[in-house]
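Beneath this line is the structure, given in structure tokens, with notes to follow.
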Ligand SMILES: Cc1cc2nc3c(=O)[nH]c(=O)nc-3n(C[C@H](O)[C@H](O)[C@H](O)COP(=O)(O)OP(=O)(O)OC[C@H]3O[C@@H](n4cnc5c(N)ncnc54)[C@H](O)[C@@H]3O)c2cc1C
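Pasting the structure below:
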């Protein structure tokens, strides 16, 4: 099936990953020049994708 997703933020990207895992042909339409722009400014620019790090490294990324 062809799947078109409008918006390439975290929700759109995860929907796209999920749809492609299920063998769909996915197109993401994003109005900005890159996907996940807002995601990249979360956590004061560190992004919040740190939870798969070892606990010691994860704690280093928590400001307080
Ligand atoms: C400054 C800031 C700091 C943040 N810090 C944190 C944090 O520390 N921790 C945390 O958990 N959350 C944080 N957030 C919130 C987090 O960024 C959002 O909850 C998350 O980005 C929402 O994801 P989303 O996919 O629903 O929407 P969005 O990230 O808003 O993605 C929607 C996408 O759709 C695109 N779009 C919209 N309309 C159209 C259209 N008509 N055609 C094509 N594309 C379109 C937009 O350009 C955007 O890329 C922060 C947000 C901001 C602004």
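In our numbering, the protein residues as written are 1196 to 1259.
All residues carry an ideal CB built from backbone N, CA and C; glycine is no exception.
- For residue 1209, the three-state secondary structure derived from DSSP is helix.
- About 34 Å separates the beta carbons of residue 1254 and residue 1223, which is beyond the 8 Å limit, so they are not a contact pair.
- Under the three-pair Cβ rule at 8 Å, the stretch 1198-1214 counts as touching the stretch 1231-1239.
- DSSP, reduced to helix, strand and coil, places residue 1223 within a strand of the structure shown.
- Set against 8 Å, the gap from the CB of residue 1248 to the closest heavy atom of ligand 1 is not smaller.
- Ranked by how close their Cα comes to the Cα of residue 1225, the residues 1252, 1208 and 1217 have 1208 in first place.
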